[in-house]
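Heads up: the structure comes next, in structure tokens.
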Amino acid sequence: MNKGKMKKGKTNTFTRRDFLKGFGSGTLGVAITPKLLAQKAESIQTKAGEVPVYAKKQIKFTVNSKAYTKVVEPQETLLDVLRDKLSLTGAKKTCDRGECGGCTVLLDGNPIYSCMYLAIRADGTNIKTIEGMAKEGKLHPLQQAYIDKDAYQCGFCTPGFIMASEALLKKKSNPDLGEIKKGLSGNLCRCGNYTKIYQAVDQAAKAGRS
Amino acid sequence: MEKKDSRYAMEDSNLWYETYASDQTQHSSEALSSDSDKKFKLIGKHIKRIDGKKIVTGKAPFTQDIKLKGMLIGKILRSPHAKAEVLSIKLDVAKSLSGVKAAILMIRGNIQYAGQMVAAVAAVDEKTADKALELIKVEYKPMPFVVIEEKAREEGSPQVHDKRPNVEQRRGYSRGDVEAGFGKADVVIERTYKTAVEIHQTAETHVSIAKWQGERLTIWDSTQAIHSVRDQLAEVLQIPASRIKVIKQYMGGGFGSKLGLNEQTVAASMLAKETNRPVKVMLTRKANSLCVGNRPSTFQTYKGGVKKDGTITALSLLSHTSGGIRGGDRSSEPMIDVHKCENAKVEDYNIYMNTGPSKPTRAPGLVQGTFGLEGFIEELANEIGMDPLEFRKKNYTTKNRGGTGIPYSSKGLDKAYEIGAKQIGWHKRNKVPGEGKGRIRRGIGMAAGIWWGAGSPGTLADVKLHPDGSVEAVCGTQDIGCGTRTHMAIVTAETLGLEPKDITVKLGNSDYPWAPLSGGSLTTPSVAPALRDAALKAAEHLKGMAASKLKVSASSIVCENFTFQEKGNPKNATPFKEVLGDLSHEIVFHGERKGLPEGYAYNTFGAHFAEVEVDTMTGMIKVIKVVAVHDSGRIINKLTAESQVIGGITQGLSTALFEQRIMDNETGRMVNPNLRDYKIATSMDIPEIVPLFVDSVDPRINILGTKGLGEPPRIPASAVIANSVYNAIGIHIREIPMTPDKVLQALKEKEVAR
Ligand code: FES
Ligand code: FES
Chain A
276 MNKGKMKKGK
286 TNTFTRRDFL
296 KGFGSGTLGV
306 AITPKLLAQK
316 AESIQTKAGE
326 VPVYAKKQIK
336 FTVNSKAYTK
346 VVEPQETLLD
356 VLRDKLSLTG
366 AKKTCDRGEC
376 GGCTVLLDGN
386 PIYSCMYLAI
396 RADGTNIKTI
406 EGMAKEGKLH
416 PLQQAYIDKD
426 AYQCGFCTPG
436 FIMASEALLK
446 KKSNPDLGEI
456 KKGLSGNLCR
466 CGNYTKIYQA
476 VDQAAKAGRS
Chain B
625 MEKKDSRYAM
635 EDSNLWYETY
645 ASDQTQHSSE
655 ALSSDSDKKF
665 KLIGKHIKRI
675 DGKKIVTGKA
685 PFTQDIKLKG
695 MLIGKILRSP
705 HAKAEVLSIK
715 LDVAKSLSGV
725 KAAILMIRGN
735 IQYAGQMVAA
745 VAAVDEKTAD
755 KALELIKVEY
765 KPMPFVVIEE
775 KAREEGSPQV
785 HDKRPNVEQR
795 RGYSRGDVEA
805 GFGKADVVIE
815 RTYKTAVEIH
825 QTAETHVSIA
835 KWQGERLTIW
845 DSTQAIHSVR
855 DQLAEVLQIP
865 ASRIKVIKQY
875 MGGGFGSKLG
885 LNEQTVAASM
895 LAKETNRPVK
905 VMLTRKANSL
915 CVGNRPSTFQ
925 TYKGGVKKDG
935 TITALSLLSH
945 TSGGIRGGDR
955 SSEPMIDVHK
965 CENAKVEDYN
975 IYMNTGPSKP
985 TRAPGLVQGT
995 FGLEGFIEEL
1005 ANEIGMDPLE
1015 FRKKNYTTKN
1025 RGGTGIPYSS
1035 KGLDKAYEIG
1045 AKQIGWHKRN
1055 KVPGEGKGRI
1065 RRGIGMAAGI
1075 WWGAGSPGTL
1085 ADVKLHPDGS
1095 VEAVCGTQDI
1105 GCGTRTHMAI
1115 VTAETLGLEP
1125 KDITVKLGNS
1135 DYPWAPLSGG
1145 SLTTPSVAPA
1155 LRDAALKAAE
1165 HLKGMAASKL
1175 KVSASSIVCE
1185 NFTFQEKGNP
1195 KNATPFKEVL
1205 GDLSHEIVFH
1215 GERKGLPEGY
1225 AYNTFGAHFA
1235 EVEVDTMTGM
1245 IKVIKVVAVH
1255 DSGRIINKLT
1265 AESQVIGGIT
1275 QGLSTALFEQ
1285 RIMDNETGRM
1295 VNPNLRDYKI
1305 ATSMDIPEIV
1315 PLFVDSVDPR
1325 INILGTKGLG
1335 EPPRIPASAV
1345 IANSVYNAIG
1355 IHIREIPMTP
1365 DKVLQALKEK
1375 EVAR
């Protein structure tokens, strides 16, 4: 998969789950306050080792060409921030652990699983979500192609697939079927309409070249 | 909690599909006026979804996406034990955590499986709710459990239900005299086929939001069944159904796991009541793997007798099935119905074990039964050296119950055989299974399928006309991804001479006219005829109004191209909008899906053909191509119907090659409750898929001649791959998923046997 997108099964890097595990039973019965979270974050910083851990932090980032400044908590994922703080609910929480691609967004042009990306790391980045694909009410050729080919059923995986398709076409404007399959292999469609998804990507690629 | 509680009643049995199968006995003698000879402009064409834009822009509101003012987050605590007595539960520490608004008990009696709901909390945000769960102290007394089918069947294994044996006989079936039938056969063989437990793994996990306003409760639910959720919830909460409204606009997949009330809806309702605030409960992927249902495993032993000329003289099936703490699936339907056979007998047993309760899973029982039966049919054909397609044709029947029952109202399976065989290049198959040479072996196989899919008589729908010229199509059905919104628009627009986009479609709200749950291939053959009925009445009324304008009789008026015009004289026309403009107020026409004429069996049929490659070195199976040909009567929208078929094939392939829940005998837990270890087909596994339809119109099933299509493409989709593998390597892998280890083992055994 493309750079920036975490591979399935590779979890030897520091994840938010390891981070959360840092909270033992020491806080039993005590209200969790942001301050406590921050202290706790400090205290496990050395344990986690290689990766820097931050306390609650203000980040600046661009989403769909709009600049945002947000205070995020260390355990918050980019997906949570997009959905809960920015009300951009196009990216979906499907597995919440990097297994399905339902939460795919573009970060500096690369597709990432936003459920596996801590929001604090997004500081200074440029993010594009499904909500940023249509311009002034005009659908992106990929969006139009998904409609034309009926490249969905329930539509839950569709935002993730469209973002992965966009990343693929940015890298390869003329992909063959094998390349399309591979380019989308980080995304699952449980309704199983892959056949039509390939057709949609192919249509959009052709539209992009014409 | 001494209330009558359907959370517990739900554990009884999984006989959902039998209920509507027997619905078909509610026949009416009313003769139907069929549209079978009509030529349509929209119906049956490729029409894009009217809500496509919402989906591709990320604006379609899935329940997961909905956030209400003041909404709390609810979470559920689950048992780590497969069986245990709950000695005590302490909620007070959790309750005292700042931000926690409620903590309630959700269990009565003993724990029966790992993952069972114990308690629930509501808090201001997710992390506080998670923390609260950790603070609930539960004292369990673990008890002996059993989570493996073979072990549950052993004498003296821990008993799952107090009042039931682990192996319990269920209703069987018998016709003719099987022993006499076997006596007449030239060849009699017996084979056993197994299928694993499968998990629905819907894209959107189960999620509900509950909001009380005084005595009234509104539920936003990721569900396939708004009316069932309302009625069952009313029973659990002991409040009148009239006070509950259930809303579902968009849902990320159900496949049967969202066919009725689920635990998260009950938890959300109770927490919302307690806190007097809206509460959302969304299950995790792990919980979704454990607690919202599964497709039961099966162990099917077939015995069949056949004459040298291909006549099947008798078939019998001994079936064991496990749906965990609930009943399993009936896999006998294909054997009872599909092929001609006078003598048949079924003996069926449930196996209980301490795993999550089963739920219908797209074509419950039929996926498993078709894998078994159609595999067995290939083996029978091979025994007498007959081409399996010829063998099926030889045993073709136009009456149900293997030719001994009543006639099918329509059956296009013979045409499906013909079209499919031609498309796949049937002549290219190995004449003797496994005759090919080399490391990579190719094979071609087929499988037939049957399902019900007549729809529910009594389904209601409205067409509403407004003086400003706008039109509504309203039905309390749900679009679960099959394109029901668009179907409703197509039927209404077709009847009124409009375009689908001109119709405002309203569905997914239990306050709307009744429609059945969206499962069992019920939706289209229920909703489309009901709307057609309403729209025809609307058209009739409007024609009467137009008649005086056009100075012709109403009977000589047609609605076409946004106008009412004189038949054969399109110049004498008046615009649709103008006629509606004469209405003094809105007007509603009620439509109904009428009964089914007596004396016929109403079924859908399909035949799949596939080509596969088996790598004899690695045991890997690669599916190259699948051709599916379906008889589902008149297809309302070819575009969405194709998606339906493609999805069914993809899922069937996934079942055939990958999917299995793995239980740990030591801990009683599922070891693969996620999307990484529970393998499903991905982008890299998809073959070329050719979805085709037998263009037939059922003459009496309903006024559109349409049948269901949800289940049918799923049914032969796993069997066809197993049969193709058989043709490739000459060994029938009688167990799905056909993982490489099983293929290699089978190849080794064949080598040894040589
Ligand atoms: S939700 Fe992020 S990968 Fe599944
Ligand atoms: S369309 Fe339902 S998961 Fe892809």
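Protein sequences, first through last, are from chains A and B. Each position in the first sequence, counted from 1, maps to that position plus 275 in this note's numbering. Each position in the second sequence, counted from 1, maps to that position plus 624 in this note's numbering. All C-beta atoms in this analysis are idealised placements derived from N, C-alpha and C, irrespective of residue type, glycine included.
Cβ pair residue i, residue j closer than 7 Å
i, j, result
"Ile1360 of chain B", "Thr819 of chain B", "yes"
"Tyr1041 of chain B", "Val1098 of chain B", "no"
"Ile1313 of chain B", "Ile1286 of chain B", "no"
"Gly951 of chain B", "Gly739 of chain B", "no"
"Ser1094 of chain B", "Tyr1224 of chain B", "no"
"Gly1230 of chain B", "Pro1336 of chain B", "yes"
"Val1212 of chain B", "Lys1088 of chain B", "yes"
"Arg1063 of chain B", "Thr1242 of chain B", "no"
"Ala366 of chain A", "Cys375 of chain A", "no"
"Ala743 of chain B", "Leu759 of chain B", "no"
"Leu1263 of chain B", "Arg1156 of chain B", "no"
Where residue i meets chain A, residues with beta-carbon distance less than 7 Å
i, result
"Ile679 of chain B", "Tyr427, Gly430 and Thr433"
"Leu1299 of chain B", "Cys370, Glu374, Cys375 and Leu463"
"Met875 of chain B", "Cys429"
"Asp689 of chain B", "Thr364"
Chain B contact for residue i (CB, 7 Å cutoff)
i, result
"Tyr388 of chain A", "no"
"Asn468 of chain A", "yes"
"Ser448 of chain A", "no"
"Leu354 of chain A", "no"
"Gly297 of chain A", "Note that Gly297 of chain A has pLDDT 33, beneath the 50 cutoff, so the model's placement of it is unreliable and the number below is only indicative. No, Gly297 of chain A lies away from the interface with chain B (no Cβ there is under 7 Å from its Cβ)."
"Gln474 of chain A", "no"
"Ala479 of chain A", "no"
"Gln333 of chain A", "no"
"Gln314 of chain A", "Unreliable positioning characterises Gln314 of chain A in this predicted model, as indicated by a pLDDT of 46, which lies under 50. The coordinate reading is nonetheless provided below. It does not; no Cβ of chain B falls within 7 Å."
Partners in chain B for residue i, counting only beta-carbon separations shorter than 8 Å
i, result
"Lys456 of chain A", "Ser1307, Met1308 and Ile1310"
"Gly365 of chain A", "Thr681, Gly682 and Lys683"
"Ala409 of chain A", "Thr681"
"Gln350 of chain A", "Lys751"
"Ile437 of chain A", "Val680"
Residues that residue i contacts on chain B, provided the C-beta gap is smaller than 7 Å
i, result
"Tyr421 of chain A", "Val680"
"Leu459 of chain A", "Ser1307"
"Ile405 of chain A", "Thr681 and Gly682"
Any chain A beta carbon closer than 7 Å to residue i
i, result
"Ile1068 of chain B", "no"
"Lys1366 of chain B", "no"
"Gly1354 of chain B", "no"
"Ala645 of chain B", "Since pLDDT at Ala645 of chain B reaches only 40, below the 50 mark, its modelled position is unreliable, and the value read off the structure follows with that caveat. No, because no Cβ of chain A sits closer than 7 Å to the Cβ of Ala645 of chain B."
"Ala827 of chain B", "yes"
"Glu654 of chain B", "Low local confidence applies: a pLDDT of 41 at Glu654 of chain B is under 50, so the model's placement there is unreliable, and no value is given."
"Ile1360 of chain B", "no"
Residues that residue i contacts on chain B, provided the C-beta gap is smaller than 9 Å
i, result
"Leu414 of chain A", "Lys677, Val680 and Thr681"
Contact list for residue i against chain A, beta-carbon separation under 8 Å
i, result
"Asp1126 of chain B", "Result: empty, since nearest Cβ-Cβ is about 18 Å, beyond 8 Å."
"Ile1313 of chain B", "Thr470"
Closer than 9 Å at the beta carbon, the chain A residues around residue i
i, result
"Phe686 of chain B", "Thr364, Lys367, Cys429, Gly430 and Phe431"
Contact between the region 1272-1283 of chain B and the region 887-898 of chain B (3+ Cβ pairs under 8 Å): For the pair of segments examined, the region 1272-1283 of chain B was found not to touch the region 887-898 of chain B: the number of CB pairs separated by less than 8 Å stays below three.
- Task: Could you please tell me which residues of the region 1251-1274 of chain B, in chain order, have their CB closer than 8 Å to any CB of chain A?
- Result: Within the region 1251-1274 of chain B, the residues whose Cβ lies closer than 8 Å to some Cβ of chain A are Leu1263, Thr1264, Glu1266, Ser1267, Gln1268, Ile1270, Gly1271, Gly1272, Ile1273 and Thr1274, listed in chain order.
Below 8 Å, how does it come out for the region 953-963 of chain B and the region 990-1010 of chain B: are there three or more Cβ pairs, yes or no?
In short, these stretches touch, since the Cβ pair count reaches three.
- Query: Which of the residues in the region 1104-1116 of chain B, read from start to end, lie with their CB under 9 Å from any CB of chain A?
  - Reply: Within the region 1104-1116 of chain B, the qualifying residues are Ile1104, Gly1105, Cys1106 and Gly1107.
Q | Under 9 Å (Cβ pairs) to chain B, residues found in the region 367-383 of chain A | A | Across the region 367-383 of chain A, CB contacts with chain B closer than 9 Å involve Lys367, Lys368, Thr369, Cys370, Asp371, Arg372, Gly373, Glu374, Cys375 and Gly377, in sequence order along the chain.
Three-pair Cβ contact test at 8 Å for the region 1143-1154 of chain B versus the region 905-923 of chain B: Output reads no: the region 905-923 of chain B does not touch the region 1143-1154 of chain B.
Residues within the region 966-989 of chain B neighbouring chain A, beta-carbon criterion of under 8 Å: Close to chain A, meaning a Cβ-Cβ distance shorter than 8 Å, is no residue of the region 966-989 of chain B at all.
(Q) So, does the region 472-480 of chain A touch the region 414-425 of chain A, judging by three or more C-beta pairs under 8 Å? (A) Touching, yes.
task: Could you say if the region 827-847 of chain B and the region 862-876 of chain B meet the contact criterion of at least three C-beta pairs nearer than 8 Å?
output: Under the three-pair Cβ rule at 8 Å, the region 827-847 of chain B counts as touching the region 862-876 of chain B.
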